[in-house]
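Have a look at the structure below, then the notes.
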Ligand SMILES: [Zn+2]
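In my numbering, the protein residues as written are 1 to 359.
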């Protein structure tokens, strides 16, 4: 017998699973991969809390190769604990993560990036893909019952300490990030992320937990998430702890048509070779004149660096001397990756600067 879907699920591509009704600690597979196959598609899991009048939301796996948030939620759900208030847990790119060999792709070829579909953007305009529709359905849900906060859990592919990314930076956002990390990137760059789409409705932050596959990143995701789940009062308006904040990030990408590789020196045929150790510089204040890569002879200007307002600042920030690609001024690179696919589909890194201290 085929079970009929509940009325509200008809025509809905976002699946809804309710804890205690169609999901329980004992029904959840012992490992993350089994749990993911059971979810089968983008899912919103509702867990009733001790206080049913409030809600907190988490989203994770918007990128299929970033499992720390999912791992944390899976571990927490299997504990069968009761959260302080109601929880809503969104697991996004389930099929992408399930695609062989598992947790290998940020998004599948030909599909949109699941963290670029939450606001109308150049990338999604005129597109009516499933990811765009699921995003709309989840935003409707969140706006019909606004949570106290939303935390979107991610990983990096490069060597990075944990940090938060905020589109809006106030006391609540600082307090949320502080549950996980003591660094924040404040970005005004519009990419169409879930945090951008919701940060004016309630405090919303992204947490980059560390490198994908690093057990420390998984542990950090769980510890921070439990701090939020267990607190009766999040006290988001309390004086936040002191955090290291970097601002004005500029998104550095290889220019279209320039072949990219990672290595230890210039290579013929590779327009731009970024240093294999470049991600050692993440969150470091890098002096002017630092070599970050090499260009092949005859290569056009290799990078673009787009900040707020869409202006290319690459000539102000970088210089090519001989075959060396150097920094032209002091900067703090963040999110540097040595993962070629990610560097091409997202960016090489962001260049940022310390927040000016007031007073
Ligand atoms: Zn991500």
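Think of the CB as a built atom: it goes at the ideal place given N, C-alpha and C, for glycine as much as any other residue. All figures in this text were calculated on a predicted structure; none of them were measured in a lab.
Inter-residue spacing [alpha-carbon to alpha-carbon] between residue i and residue j
i: residue 305; j: residue 216; result: 31 angstroms
i: residue 352; j: residue 229; result: 32 angstroms
i: residue 363; j: residue 302; result: Residue 363 is absent from the structure shown; the chain starts at 1 and stops at 359.
i: residue 10; j: residue 277; result: The predicted position of residue 10 is uncertain, since its pLDDT is 45 and thus under 50; a value taken from the coordinates is nonetheless stated next. Going by the C-alpha atoms only, they are around 50 angstroms apart.
i: residue 97; j: residue 191; result: 22 angstroms
i: residue 113; j: residue 292; result: 27 angstroms
i: residue 116; j: residue 172; result: 24 angstroms
i: residue 366; j: residue 40; result: No statement about residue 366 is possible, as the shown extent of the chain runs from 1 to 359 and does not include it.
i: residue 298; j: residue 322; result: 11 angstroms
i: residue 320; j: residue 135; result: 42 angstroms
i: residue 27; j: residue 94; result: 18 angstroms
i: residue 235; j: residue 179; result: 12 angstroms
i: residue 77; j: residue 142; result: 21 angstroms
i: residue 263; j: residue 280; result: 14 angstroms
i: residue 167; j: residue 106; result: 21 angstroms
i: residue 257; j: residue 99; result: 28 angstroms
i: residue 213; j: residue 226; result: 20 angstroms
i: residue 8; j: residue 137; result: Annotation note: pLDDT 44 at residue 8 (below 50); position unreliable, no value reported.
Beta carbon of residue i nearer than 8 angstroms to that of residue j
i: residue 46; j: residue 16; result: yes
i: residue 65; j: residue 104; result: yes
i: residue 182; j: residue 69; result: no
i: residue 130; j: residue 85; result: no
i: residue 223; j: residue 186; result: no
i: residue 250; j: residue 272; result: no
i: residue 189; j: residue 308; result: yes
i: residue 91; j: residue 43; result: yes
i: residue 87; j: residue 29; result: no
Minimum C-alpha distance to residue i - residue among the options
i: residue 253; options: 242, 184, 337 and 296; result: 337
i: residue 248; options: 269, 310, 235 and 262; result: 310
i: residue 312; options: 341, 350 and 54; result: 350
i: residue 341; options: 79, 80, 290 and 261; result: 261
i: residue 193; options: 346, 31, 19 and 24; result: 346
i: residue 211; options: 176, 205 and 219; result: 219
i: residue 36; options: 109, 127, 71 and 144; result: 71
i: residue 51; options: 314, 259, 232 and 317; result: 232
> Counting Cβ pairs closer than 8 angstroms, one from the stretch 329-340 and one from the stretch 282-296, do we hit at least three?
Replying inline: yes
> At a cut of 8 angstroms, does the stretch 146-155 reach the stretch 185-201 through at least three beta carbon pairs?
Replying inline: yes
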